[in-house]
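Just so we're aligned: 49 in the numbering used here is position 48 of the sequence shown, and the numbers increase by one with no gaps anywhere.
Glycine included, C-beta positions come from ideal geometry on N, C-alpha and C.
These notes concern the structure reproduced below.
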Amino acid sequence: GRPDHQQAAQREAERAESAERVGALVRDFVARVLAAVPVARLTGDPVHRLPGTASFTFAGTSGEAVLLELERRGIVSSSGSACAAGSDEPSHVLLATGIAPEVAQTAVRFTFPHGLDRPLDAVADAVAASVAAVAAADR
């Protein structure tokens, strides 16, 4: 009946509000990472994207080493795209977008929850510190 329709409408409004909030927080995160890490490149469309995800390549670094460094700092992320998770091969999706295999290999993907309600400044700072640490170790 009517209450089910109202509940569904309410849930949809909450979902849209959550997506907008998370999207804004993630856009700020992306801007901070791009500003702080000169080699960082956002993969995918900068505007038309899922609200809770961000994927970057860090040319000249080891994506796996960046992942481990992030984990050491308490940040859990993934390498490559979701479709290539668990594989050592670069994502076929990233390759199809024209990203070179050696750069696609450096991809790191972040997925944030629907309930995200605070800025990701500390995560962005950890990304910058992790990439810097890996780059310094490779010198």
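Determine contact between the region 11–20 and the region 102–112, defined as no fewer than three beta-carbon pairs at a distance below 8 Å. Per the Cβ contact rule, the region 11–20 is not in contact with the region 102–112 (fewer than 3 Cβ pairs under 8 Å).
Nearest-angstrom Cα distance between residue 38 and residue 59? Your numbering for residue 38 matches position 37 in the sequence shown. Your numbering for residue 59 matches position 58 in the sequence shown. When rounded, the separation of the alpha-carbon atoms in residue 38 and residue 59 is 8 Å.
What is the DSSP secondary structure of residue 38, reduced to helix, strand or coil? Your numbering for residue 38 matches position 37 in the sequence shown. Three-state result, residue 38: coil.
Could you check where the beta strand (DSSP E) with residue 110 kicks off and where it finishes? The residue labelled residue 110 in the question sits at position 109 within the sequence shown. Where residue 110 is concerned, the enclosing beta strand (DSSP E) stretches over 109–112.
Should residue 98 go down as buried or exposed, given a rule of 16 or more other Cβ atoms within 10 Å for buried? Locating residue 98 in the sequence shown gives position 97, where the first residue counts as 1. With fewer than 16 other Cβ atoms within 10 Å, it is exposed.
Distance between residue 55 and residue 101 (C-alpha atoms, nearest Å): The residue labelled residue 101 in the question sits at position 100 within the sequence shown. The residue labelled residue 55 in the question sits at position 54 within the sequence shown. The straight-line gap separating the alpha-carbon atoms of residue 101 and residue 55 is approximately 19 Å.
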